[in-house]
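Notes follow the structure.
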Amino acid sequence: MSSFDKFDILSVSERAFKAKASGKYVVNGSSGTLYDENGEVVSYKEANKYLTENFAKFLGYSSQDGSEKYKDGVLKWLFEDKLSLLKNRKIVSVCASSGGSEALFLTFKTLTKDHTLLLPSIRWPNYDTIAEMANINFETFNRFNFQNKFDFDALKEKITSIEGKILLVINDPCHNPTGYNFSSDEYDELFKIINKNDNKIALLLDLAYLDYSHSRSMVIEKIINSDFKNPLFLAISASKSFGYYGLRMGALITITNKESEDHYLANYKKIIRGTISSTNHLASGGLSLFFENDNDIKIVKRKILEQTERVYKIGTEICKILDEKNIKYYPYSSGFYITLIKENAEEYLEELENKNIFFTLMSKNEIRIAVCSIKLSDLKYLRENL
273 MSSFDKFDIL SVSERAFKAK ASGKYVVNGS SGTLYDENGE VVSYKEANKY LTENFAKFLG
333 YSSQDGSEKY KDGVLKWLFE DKLSLLKNRK IVSVCASSGG SEALFLTFKT LTKDHTLLLP
393 SIRWPNYDTI AEMANINFET FNRFNFQNKF DFDALKEKIT SIEGKILLVI NDPCHNPTGY
453 NFSSDEYDEL FKIINKNDNK IALLLDLAYL DYSHSRSMVI EKIINSDFKN PLFLAISASK
513 SFGYYGLRMG ALITITNKES EDHYLANYKK IIRGTISSTN HLASGGLSLF FENDNDIKIV
573 KRKILEQTER VYKIGTEICK ILDEKNIKYY PYSSGFYITL IKENAEEYLE ELENKNIFFT
633 LMSKNEIRIA VCSIKLSDLK YLRENL
């Protein structure tokens, strides 16, 4: 078994489960699932009730791209009272997807013939797998510069070196796996670069963790005010927002100029028809009813904010512990993950597992901590044992 097989999420989680089942105190920082202080998956009864109470209504097939109610609801949830501003400036289309992952796949597959996929050097590993399955070639650029900021110089250099069209993927806010968040100025710089290369670059924003970010409003404002000639793609994950990991629900939003012809949705539907046949009607149907209830939306958004603050507190406390122990890590602002920079990472992970602390291996010198699966009550144990 290779190091990465031994320390991938599933292998580590299995060992953590066995250790806990044997009665040991376990800190499981491997799972990308958001758990509460009782170790239960975080979801919201105000949204869940629409799924459970209407189960039988949505047993039939959905259309490939989801119902109009679901698609309208996604836009309402995402853009709130600013949706009309966006629609006045742009053409906006929505395609339901099986989580954020399928939204990524749909985009990669649609643009595979004439685009090179451009990814940062530090990234969610599954981007590579999705790219392989979509048969799209990809290149990478250095993510962080020596000031621990996003490396725009490396991005510009790589853009110049690539002939032909580019699909650029930016996972922000709450970047997986580092927890880095773009500032307002960094978004301005990113959009400036894209506008300078507007006939060359299509941008895909992976917004999987948007709802658990302090910069949500700023990001939405930047999207609404964007002025790209090429399309802007948004990958949305209801799986992350509502705790529907097993239900696999999300959306791909495509934003184009009013002068542009939207030929993307038909292609998405064809891909879905040829892979999973149709979207998850139970999840999309239940959520479409939830999206119609403004009071329940308000309650869930408040609860998501409470969870955002809890995860942020855990993350910042872990950073303090790492600082105390002189353990380096990539810049963390908020979100579900922190990535350590550690020589001989595998040996360190084995030391930690001997103390029943479970993290995952990103590279031979990088370790990912899933803050989202750690409890506030675990912090004392981490301080004593990291």
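My numbering numbers the first residue of the sequence shown as 273 and each following residue consecutively.
Beta carbons are placed, not taken as given, at the ideal position from N, Cα and C, and that holds for glycine.
In DSSP terms, what residue i is bridged to
i	result
S369	G522
K600	I613
L482	For L482, which the question treats as bridged, DSSP gives no partner whatsoever.
A507	D478, L524
H447	Bridge partners of H447: none, in fact.
V364	I527
I639	L612, L633
K416	Note on residue identity: the sequence assigns Phe, not Lys, to residue 416. In DSSP, F416 forms a bridge with F422.
H387	K437
V313	Y307
Residue i: first and last residue of the uninterrupted alpha helix (DSSP H) it sits in
i	result
N398	398 to 406
V284	281 to 293
T305	First-last for T305: undefined, no H or E at that position.
R361	355 to 361
T324	317 to 325
S549	Note, S549: premise wrong, no alpha helix (DSSP H); not H, not E.
I496	488 to 497
L654	651 to 657
L537	536 to 545
Y297	Segment: none, Y297 is in no alpha helix (DSSP H) and carries neither H nor E.
K341	340 to 351
Distance CB(residue i)-CB(residue j) smaller than 7 Å
i	j	result
I641	I610	yes
V441	L391	yes
I576	K354	no
S427	F416	One detail in the question is off: residue 427 reads as Leu in this sequence, not Ser. Cβ atoms of L427 and F416: not closer than 7 Å.
G522	S365	no
S303	S285	yes
L477	L506	yes
I527	K362	yes
F563	K329	no
L524	L357	no
S649	G338	no
I599	L612	yes
Residue range of the unbroken beta strand (DSSP E) whose run includes residue i
i	result
V441	437 to 443
T611	609 to 613
Where residue i falls, given that 16 or more other Cβ within 10 Å makes a residue buried
i	result
F380	buried
D499	exposed
G345	buried
N443	buried
T632	buried
A293	exposed
K343	buried
N453	buried
S485	buried
H535	exposed
K430	buried
E374	buried
Q419	exposed
L282	exposed
R395	buried
R545	exposed
D386	exposed
T580	buried
G301	buried
Neighbour flag for residue i against chain C, beta carbons, 7 Å
i	result
E325	Chain labels in this structure do not include chain C; a single protein chain is all it has.
Segment contact, 8 Å Cβ cut-off, at least three pairs: the segment 511 to 519 with the segment 304 to 323: Taking 8 Å as the limit for Cβ pairs, the verdict is that the segment 304 to 323 does touch the segment 511 to 519.
Decide if the segment 502 to 514 is in contact with the segment 419 to 436; the criterion is three or more beta carbon pairs, one per stretch, under 8 Å apart. No: fewer than three Cβ pairs fall under 8 Å.
Check whether the segment 405 to 413 touches the segment 483 to 495, counting contact only when three or more Cβ pairs, one atom from each stretch, lie closer than 8 Å. Judged by Cβ distances under 8 Å, the segment 405 to 413 makes no contact with the segment 483 to 495, as fewer than three pairs qualify.
Inspect the CB distances between the segment 299 to 311 and the segment 540 to 555 and report whether three or more fall short of 8 Å. Pairwise C-beta distances place the segment 299 to 311 out of contact with the segment 540 to 555, as fewer than three of them are shorter than 8 Å.
Within the chosen definition, does the segment 581 to 588 reach the segment 599 to 610 through at least 3 CB pairs nearer than 8 Å? Yes, since at least three Cβ pairs between the segment 581 to 588 and the segment 599 to 610 fall closer than 8 Å, the two stretches touch.
Meets three-Cβ-pair contact criterion under 8 Å: the segment 625 to 639 and the segment 564 to 581: No, the segment 625 to 639 is not in contact with the segment 564 to 581.
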